[in-house]
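Visitor: Structure incoming, see below.
Protein chains: 4
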Amino acid sequence: MKLDENTEDIHQMIEQEAIKSIGMEKAGYLNLGKSRNDQVSTALRMESRGRIMDVCEALNTFQEVIIKLMNKFGNIIIPGYTHLQHAQPLPLFHHLQAYFDAIQRDIDRMMDGFVRVNASPMGATALAGTSIAIDRRYVASLLGFDGIVENSMDAVSSRDFVAELLSYLEIIMIDFGRLAEEVILWSSKEFGFIEIADEFAATSSIMPQKKNPVVAEMVRAKCGSVLGHLSAACSIMKGIPNSYNLDLQELTPHLWSAFSDTLASIKLMSSMLASIKFNNAAIKASIQDDGSTATELANYLVKHHDVPFRQAHTIVGELVRISIGKKIRLGDVVDSKLEKVSSNIIGKKIKIDKPVIEGVLDATKSLKLIRSIGGANLHFIRSQIRRDKVSLKRNRRFLGLKRRNLARADQMLLSQVQLIKGVRN
Amino acid sequence: MKLDENTEDIHQMIEQEAIKSIGMEKAGYLNLGKSRNDQVSTALRMESRGRIMDVCEALNTFQEVIIKLMNKFGNIIIPGYTHLQHAQPLPLFHHLQAYFDAIQRDIDRMMDGFVRVNASPMGATALAGTSIAIDRRYVASLLGFDGIVENSMDAVSSRDFVAELLSYLEIIMIDFGRLAEEVILWSSKEFGFIEIADEFAATSSIMPQKKNPVVAEMVRAKCGSVLGHLSAACSIMKGIPNSYNLDLQELTPHLWSAFSDTLASIKLMSSMLASIKFNNAAIKASIQDDGSTATELANYLVKHHDVPFRQAHTIVGELVRISIGKKIRLGDVVDSKLEKVSSNIIGKKIKIDKPVIEGVLDATKSLKLIRSIGGANLHFIRSQIRRDKVSLKRNRRFLGLKRRNLARADQMLLSQVQLIKGVRN
Amino acid sequence: MKLDENTEDIHQMIEQEAIKSIGMEKAGYLNLGKSRNDQVSTALRMESRGRIMDVCEALNTFQEVIIKLMNKFGNIIIPGYTHLQHAQPLPLFHHLQAYFDAIQRDIDRMMDGFVRVNASPMGATALAGTSIAIDRRYVASLLGFDGIVENSMDAVSSRDFVAELLSYLEIIMIDFGRLAEEVILWSSKEFGFIEIADEFAATSSIMPQKKNPVVAEMVRAKCGSVLGHLSAACSIMKGIPNSYNLDLQELTPHLWSAFSDTLASIKLMSSMLASIKFNNAAIKASIQDDGSTATELANYLVKHHDVPFRQAHTIVGELVRISIGKKIRLGDVVDSKLEKVSSNIIGKKIKIDKPVIEGVLDATKSLKLIRSIGGANLHFIRSQIRRDKVSLKRNRRFLGLKRRNLARADQMLLSQVQLIKGVRN
Amino acid sequence: MKLDENTEDIHQMIEQEAIKSIGMEKAGYLNLGKSRNDQVSTALRMESRGRIMDVCEALNTFQEVIIKLMNKFGNIIIPGYTHLQHAQPLPLFHHLQAYFDAIQRDIDRMMDGFVRVNASPMGATALAGTSIAIDRRYVASLLGFDGIVENSMDAVSSRDFVAELLSYLEIIMIDFGRLAEEVILWSSKEFGFIEIADEFAATSSIMPQKKNPVVAEMVRAKCGSVLGHLSAACSIMKGIPNSYNLDLQELTPHLWSAFSDTLASIKLMSSMLASIKFNNAAIKASIQDDGSTATELANYLVKHHDVPFRQAHTIVGELVRISIGKKIRLGDVVDSKLEKVSSNIIGKKIKIDKPVIEGVLDATKSLKLIRSIGGANLHFIRSQIRRDKVSLKRNRRFLGLKRRNLARADQMLLSQVQLIKGVRN
């Protein structure tokens with residue numbers, strides 16, 4: 002079907018084609034009780050809801066990749082960072098779980114948005130409704146909508162859902178951009194924690210050891226691009242009076258670009274992460290004697306020697322300072338100096354057995370002591386994965402339900418079309 | 002309480018004061034199983050949830066103002082615009098209802114956000130949890146949270162809720178900015194539809210008739226400012242690795258500024274709108290013979306003369322062209338030319354009685370013909386206002402419930418503090 | 002030339018084609034002393050400088066349209082607005098001149114940017130320069146650059162010029178967006194100041210009198226889109242370490258989109274404005290007795306009756322208030338009440354002859370009194386247009402010079418290529 | 002001076018105070034030929050030009066810090082990165098010089114902006130100029146302006162310079178944000194290249210070895226904040242008709258915030274960088290045998306063995322692959338395998354002496370071979386610093402000139418005020 006130069010727009014062209022094919026007697030009613038304004042908004046919402054589901058499914062697949070990584074590498078102990086400095090050791094699964102949960106919120110937001118998007122503007126006509134006896138709710142159900150945007154002016158002129166979806170997409174991209182940054186850092190020579198598969202890296206024929214993490218860089222950059230689309234949309238809508246203005250048309254390419262960028266980023270990151278290899282030796286070396294279990298030593302003094310936390314904290318701080326100043330391992334300093342230091346600070350000589358000290362200071366062992374819910378204890382990995390799978394199931398159920406509803410509506414619509422054809426022919 | 006230069010931060014200072022006041026034996030445990038990271042996130046969420054409720058209450062008040070305006074001016078027939086051109090006449094209540102509904106979605110979004118915000122990060126400590134036997138859920142309930150942010154790393158490093166709230170605030174400002182634009186337009190000399198009360202306009206002593214709609218201009222501008230805060234927040238979070246980084250601290254002023262700007266805008270617009278006067282004569286003159294009921298005439302031909310809509314549309318288009326070309330009122334053209342034009346176009350002479358024609362073309366009368374749900378029929382005003390009041394009630398119930406929950410938690414927290422004091426003293 | 006699946010990128014493909022065509026002995030040296038990094042930056046700068054000139058030429062054409070409009074309609078007296086309220090009358094040429102000058106600054110900024118863009122990164126290679134004895138300045142001159150980006154790392158990793166150009170494009174769009182807003186307002190039924198030619202408006206077959214100013218709406222919206230591209234670019238560059246990262250590649254589509262949107266907007270606005278018709282009657286009616294010459298009356302009292310400005314202001318304010326309160330024309334109020342009011346306020350009876358009063362209060366006559374440079378006096382129109390033409394000439398000279406330089410460089414490059422072919426064959 | 006509740010604004014209050022102090026006879030003329038609109042724009046431009054100079058001076062100081070660092074640490078050989086992967090070795094001075102040059106462009110842009118900002122709107126009055134015989138150019142010179150914004154409407158309504166300055170500030174912040182990112186990376190445990198002085202890092206009493214680079218994180222975040230202010234300003238100006246609207250007032254806080262954030266960031270980064278220590282051992286270890294001189298080996302084959310670059314590239318690529326596969330130092334592989342590999346690939350046995358090979362592959366020695374202008378050869382350091390100092394001098398001369406002009410204007414203004422007082426008293 003080619004666009005005739007003389008037709009005003011796509012709507013008129015469809016009508017003309019229909020008139021040619023089934024005659025004025027039937028097709029001449031095609032635009033009765035309708036206008037471009039409500040049709041445009043309807044089409045935008047129908048396409049949006051489909052893309053919301055695509056994004057949610059891709060996020061779900063990404064969550065599955067996380068679970069696979071947990072199963073495979075979850076018990077590697079890595080440094081946990083604050084300010085890009087070692088803060089506390091963590092099993093990798095705990096780090097991955099943080100992303101799992103952030104992405105679950107991303108899905109939840111998209112689902113909240115779905116509800117607001119999936120309402121029908123059809124029948125609003127230009128902006129005021131119509132004297133034609135149409136049934137807006139029935140039309141809505143044939144088009145797979147869960148309800149209608151009631152007020153006819155609101156129906157044709159509101160695009161809050163565009164800004165809403167764009168902000169959800171940007172938040173997704175922020176989450177993936179942070180992960181991308183970690184992939185870039187971790188695959189640097191200095192970190193050396195991971196290796197990316199060749200197909201997700203750009204290599205140079207002269208420096209084949211140099212694997213440029215281009216997928217991650219692209220995703221990090223796309224976080225900026227989607228912000229651009231969000232900013233554009235908000236600025237476009239700013240200060241536009243009611244009801245429909247052509248400005249709203251300019252929103253559409255921003256929305257589709259943001260959806261495409263986000264969907265591509267999620268999928269690429271899924272495939273790339275699934276292919277990642279961890280370099281245990283480098284990770285282990287990094288965490289060695291980094292002093293990041295010092296707080297646990299203070300906790301030990303609280304729990305087993307009844308020292309108030311502030312004082313325990315001061316004692317351990319002093320021991321760490323000695324360890325750094327004299328370049329002696331912290332464990333050895335604790336063994337040799339704790340009595341003296343504790344005596345100086347709280348007037349009480351404390352002595353801990355060497356194996357106990359080493360147990361508290363050892364990253365792996367110290368992690369076993371963590372008891373708080375949602376904490377970084379390796380023992381939680383199995384139950385965590387079990388609960389993650391429940392989340393996945395719930396997501397899939399929701400998406401399946403929505404997909405089936407839409408398919409059913411399509412079916413109904415088609416049979417109505419057949420019916421009209423039959424009756425009127 | 003003055004900040005001692007030597008204390009590291011506010012957290013340490015509080016501890017020092019507590020130690021001074023109730024001794025190391027008790028206060029020395031104040032930071033056990035805690036860290037600045039989880040406390041900062043907790044404080045941010047507690048303040049945010051309060052502000053969410055403030056904004057929702059202000060929006061609710063604004064909806065009440067809308068209802069008052071509907072009661073007072075709702076049946077004035079105004080031009081309905083698309084592209085700032087007259088498209089179809091509307092009763093004012095219908096225009097106001099479009100805003101009512103948009104704002105209801107604004108409230109719904111804030112409530113969706115509330116659920117994600119009102120979860121407790123406490124007990125995440127720096128990022129990995131703690132070996133101290135704390136009860137995170139109990140702490141959460143004492144602080145009025147509905148649950149916890151489970152994963153400890155997620156708890157301290159995620160600020161997706163900040164971007165989410167900022168985007169909701171920006172969407173609110175887009176809605177109010179559009180309304181502000183209409184206030185500015187409608188109070189121009191050329192429109193002359195409304196008059197703003199002096200206290201919401203800047204006047205000049207030499208031109209007292211010139212009322213500058215400064216409140217509306219300010220609100221329109223604030224829509225840009227809140228977009229700035231949203232952009233800033235998204236850009237700040239972009240590409241930051243896990244977990245806590247100081248960058249996150251820079252989000253806070255943007256969030257509070259956006260909340261303040263939005264809250265002030267809603268409140269000012271509420272007061273200003275409540276004081277507005279409509280100039281019926283100017284509105285009536287504007288709508289006179291503007292041809293915006295032409296579509297209803299086509300609908301009439303469809304309904305009463307069985308003309309396919311496309312042909313009815315063509316006939317009416319031709320009549321309007323004659324009316325403009327010859328500068329004759331459309332009603333008179335229809336009366337004198339319809340037979341000839343319809344005969345030319347569809348080979349069928351159609352005749353409509355003059356009073357019927359005038360009825361269809363008259364803005365007020367034609368509006369009575371609108372039948373579609375959510376359409377601009379004045380008869381819908383009572384039932385519409387009734388349903389609006391139900392929405393208001395539902396909003397208030399939700400907010401009341403949340404406020405009571407928080408008050409109860411405060412009570413529990415206080416009694417726990419008393420208990421601890423008693424037991425330990 | 003089709004892209005072979007096995008070639009790494011466009012650079013390698015070109016080399017392979019060259020090897021096929023002229024052999025390894027010559028083409029094998031194609032990438033000596035070069036890398037993708039410096040080539041990518043070079044290509045970006047070459048394309049950018051061309052687009053800068055395209056935009057400047059379009060702006061220049063737009064300025065020519067302004068001069069045409071000035072010649073045709075410049076002496077129509079229109080209301081000058083502040084806060085969309087009538088403030089002072091203006092000849093239309095004065096309003097247009099404000100745009101002329103704003104656009105001249107837009108051109109100046111682009112020219113400032115041209116200087117920074119038109120420097121060659123070639124020879125920076127990957128990031129550190131090369132041991133090959135290349136002549137970077139000579140290569141630069143062959144490629145039409147005015148100089149080199151000296152530091153090799155800066156050469157491959159800096160994209161400040163992208164953000165700079167995007168911000169200049171956004172400022173252009175702000176200027177055109179403001180003009181677009183005025184076109185939309187002025188073509189509304191309520192203003193009725195202008196009529197847009199059919200080819201720049203969307204009409205409806207059923208409401209042919211309704212001309213939707215879609216071009217202006219599109220331009221207004223594009224101002225938001227270009228802001229989006231600017232925001233995206235700044236956010237993409239944020240926090241990226243040196244030197245080249247793939248993120249920088251994501252800048253390019255934003256830059257080209259912004260250039261295209263801006264160029265199209267300028268050109269469309271030029272054509273649309275050239276076709277505009279003014280409705281003198283509506284403008285004259287709007288300005289009638291709008292009280293916007295009151296300040297000139299105060300000035301008159303200062304100049305001819307030696308009244309301090311503050312007191313003159315108070316006297317006129319009082320007269321205006323009487324005029325509004327009693328619904329009497331201001332001129333008549335001044336005639337009948339000035340003596341009494343001036344006596345009350347400053348204890349001095351002032352009397353002005355009726356024709357003088359009417360002269361001061363009449364928009365056209367009062368404008369003749371304006372003496373300040375750059376003021377809205379119709380007498381300035383000829384000299385103003387003369388000076389505008391000088392600006393146009395200067396712009397064209399600059400652009401012509403740059404175009405010739407580039408053509409000359411192309412010529413040199415081609416002859417060098419021929420030379421190499423000859424010598425080496 | 003307290004603000005009286007009854008005065009309309011600051012302008013009126015000043016007049017009232019002046020009337021009280023020197024009488025209506027003189028002060029009553031204070032607002033003759035003036036309005037709030039031109040005064041507001043004038044004040045904004047005067048404050049902006051001062052802040053431009055402050056920022057330029059801070060940038061200049063930062064450039065001085067760079068020179069100090071070059072003198073102190075410039076000849077440390079560091080890895081040069083692309084994609085955060087080692088690409089080519091660099092002397093530190095070369096890396097620093099990239100920043101020096103970027104910042105010089107930042108200064109240049111600010112100076113370009115200064116010219117557009119430093120023009121006087123005074124005498125535009127509300128928007129149309131005045132019949133009072135004022136001398137706009139003389140007033141401009143008394144206020145230290147270099148000229149006037151001629152068209153009176155343009156003078157009161159244009160704020161393009163605000164968007165322009167904000168974009169320049171954002172570009173500065175992008176440059177500093179990239180540097181901040183490098184500081185954060187380089188001070189991580191994994192890189193370990195630098196150590197930040199305690200006063201620019203946050204430490205923990207229990208982990209004193211953990212220095213959180215909070216200043217750098219803050220600067221990185223501020224890059225996002227300034228983007229927010231830029232976005233806000235552009236969006237605020239979008240779609241606002243001429244001339245003055247109150248929206249423009251909302252620009253001001255964004256401009257001042259952006260100036261403050263930028264100025265503080267520059268100053269903090271200057272102080273922090275001045276205090277930085279480099280860890281030579283860690284840097285040396287990182288660069289050891291990283292293969293980043295492979296390209297130089299290919300260049301060597303081109304220069305000394307007449308091998309086309311593409312083939313040289315292929316040969317070296319093969320050698321590197323062997324080196325990695327067999328975990329043998331590249332130098333040894335070249336020594337033992339070059340003959341065979343070159344024979345296989347180009348049918349020509351090439352042999353290079355071991356010391357020559359090691360010279361080419363050694364980072365320090367290979368850098369000495371770089372000949373291209375702006376390349377990373379340590380020998381360029383002295384001449385580079387000499388040229389940098391010339392830039393510094395030029396910047397300082399420009400700023401000094403502007404400062405002196407403003408001081409002279411202040412002097413003139415003051416003596417005029419004295420003169421008026423004398424004459425009129």
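Residue numbers (the numbering used here), protein chains in the order written: chain A, 2 to 426; chain B, 2 to 426; chain C, 2 to 426; chain D, 2 to 426. Even glycine gets a Cβ: it sits at the ideal position worked out from N, Cα and C.
1) Would you check if the distance between the CB atom of Val56/A and the CB atom of Met111/A is smaller than 8 Å?
2) Suppose you measure from the CA of Ile67/B to the CA of Leu170/A; what does that come to, to the nearest Å?
3) Identify whether Ile371/D lies in helix, strand or coil by the three-state DSSP scheme.
4) Within 10 angstroms of its Cβ, does Tyr139/C collect 16 or more other Cβ (buried), or is it exposed?
5) Give the straight-line distance between the Cα atoms of Leu264/D and Ile173/D, rounded to the nearest whole angstrom.
6) Quick one, which residues of the stretch 128-150 of chain D are near chain C if we go by CB-CB under 8 Å, in chain order?
7) If the cut is a Cβ gap below 8 Å, which residues of chain A does Asp176/C touch?
8) On a Cα-Cα basis, can you pick out the residue from Ala275/A, Lys349/A and Lys366/A that is closest to Lys73/A?
9) At a Cβ cut of 9 Å, what residues of the stretch 228-244 of chain B count as close to chain D, listed as they run along the chain?
10) Using alpha carbons as the reference points, say which of Leu407/B, Ala217/B, Val418/B and Arg388/B lies closest to Glu151/A.
11) Taking 8 Å as the threshold (beta carbon to beta carbon), is Asp10/C in contact with chain D?
12) For Ile77/A versus Pro90/A, is the C-beta spacing smaller than 8 Å?
13) Tell me the DSSP secondary structure of Leu144/C in three-state form.
14) At a CB distance below 8 Å, what residues from the stretch 317-333 of chain C approach chain B? Give them in sequence order.
15) Does chain A have any CB closer than 8 Å to the CB of Val56/B?
16) Going residue by residue through the stretch 325-413 of chain A, where are the continuous alpha helix (DSSP H) segments of at least 4 residues, counting only ones entirely within it?
17) Please list, in chain order, the residues of the stretch 369-384 of chain A that have any C-beta partner in chain B closer than 8 Å.
18) Hey, Val116/A and Asn38/A are a contact pair by Cβ (cut 8 Å); roughly how many whole angstroms apart?
19) Beta-carbon separation of Lys212/D and Ala202/D under 8 Å?
20) What in chain A is Cβ-close to Ala164/C, meaning under 9 Å?
21) By DSSP's criteria, His305/C is part of a beta bridge. Which residues make up the other side?
22) With DSSP run on the structure shown, which of helix, strand or coil describes Leu1/C?
23) Alpha carbon to alpha carbon, what distance is there between Ile386/D and Leu362/D?
24) Should Ser271/B be flagged as near chain D, meaning a C-beta pair shorter than 8 Å?
25) Residues of chain A with a CB under 7 Å from the CB of Asp291/D: which are they?
26) Residues of chain C with CB under 8 Å from Ile284/B, in chain order?
27) Determine, using beta carbons only, whether Gln250/B comes closer than 8 Å to chain C.
Guide: Here's the rundown:
1) What you label residue 56/A is simply residue 55 of the first sequence in a count that begins at 1. What you label residue 111/A is simply residue 110 of the first sequence in a count that begins at 1. Yes, these two residues count as a Cβ contact at 8 Å.
2) Taking the second sequence and counting its residues from 1, the one referred to as residue 67/B is at position 66. Taking the first sequence and counting its residues from 1, the one referred to as residue 170/A is at position 169. Distance between the alpha carbons of Ile67/B and Leu170/A: 33 Å.
3) Here residue 371/D is taken as the residue at index 370 of the fourth sequence, counted from 1. It is coil, neither helix nor strand.
4) To locate residue 139/C, count along the third sequence from 1; it is residue 138. Result: exposed.
5) Your numbering for residue 264/D matches position 263 in the fourth sequence. Your numbering for residue 173/D matches position 172 in the fourth sequence. Near 10 Å, if we compare the C-alpha coordinates of Ile173/D and Leu264/D.
6) Leu128, Ala129, Gly130, Thr131, Ser132, Ile133, Ala134, Ile135, Arg137, Arg138, Ile149 and Val150
7) Position 175 of the third sequence holds residue 176/C. Under the 8 Å cutoff, chain A gives no residues; its nearest Cβ is about 15 Å from Asp176/C.
8) Along the first sequence, read from residue 1 onward, the residue named residue 73/A stands at position 72. Taking only the C-alpha atoms, the option nearest Lys73/A is Ala275/A.
9) Leu228, Gly229, His230, Leu231, Ser232, Ala233, Ala234, Cys235, Ser236, Ile237, Met238, Lys239, Gly240 and Ile241
10) Position 150 of the first sequence, counted from the start, is the residue given in the question as residue 151/A. Taking only the C-alpha atoms, the option nearest Glu151/A is Arg388/B.
11) Reading the third sequence from its first residue, position 9 is the one you call residue 10/C. Not an interface residue.
12) Your numbering for residue 77/A matches position 76 in the first sequence. Your numbering for residue 90/A matches position 89 in the first sequence. In this structure, Pro90/A does not lie closer than 8 Å to Ile77/A by Cβ.
13) Counted from its first residue, the third sequence places residue 144/C at position 143. Correct three-state label for Leu144/C: coil.
14) Val317, Gly318, Val321, Arg322 and Ile325
15) By one-based count along the second sequence, residue 56/B stands at place 55. No, no contact with chain A.
16) 331-347, 355-362 and 364-369
17) Leu370, Ile371, Arg372, Ser373, Ile374, Gly375, Gly376, Ala377 and Asn378
18) The count along the first sequence starts at 1 and reaches residue 116/A at position 115. The count along the first sequence starts at 1 and reaches residue 38/A at position 37. In fact, because the Cβ distance is near 23 Å, the residues do not count as touching under 8 Å.
19) Numbered from 1 along the fourth sequence, position 211 holds the residue referred to as residue 212/D. Numbered from 1 along the fourth sequence, position 201 holds the residue referred to as residue 202/D. Cβ distance < 8 Å, so Lys212/D and Ala202/D count as in contact.
20) Here residue 164/C refers to the residue found at position 163 of the third sequence. None at all; the shortest Cβ gap to chain A is about 12 Å.
21) Taking the first residue of the third sequence as 1, we reach residue 305/C at position 304. Its beta-bridge partners do not exist; DSSP assigns none.
22) Past the boundaries of the shown model lies residue 1/C; chain C is included only from 2 to 426, so the question cannot be answered.
23) As a working mapping, residue 362/D is identified with position 361 in the fourth sequence. As a working mapping, residue 386/D is identified with position 385 in the fourth sequence. Going from the Cα of Leu362/D to the Cα of Ile386/D covers about 28 Å.
24) In the second sequence, residue 271/B corresponds to position 270, counting from 1. It does not; no Cβ of chain D falls within 8 Å.
25) As a working mapping, residue 291/D is identified with position 290 in the fourth sequence. Lys190, listed in chain order.
26) Position 283 of the second sequence holds residue 284/B. Those do not exist, as Ile284/B stays about 10 Å from chain C at its closest Cβ, beyond 8 Å.
27) Taking the first residue of the second sequence as 1, we reach residue 250/B at position 249. With 8 Å as the cut-off, Gln250/B does not count as an interface residue toward chain C.
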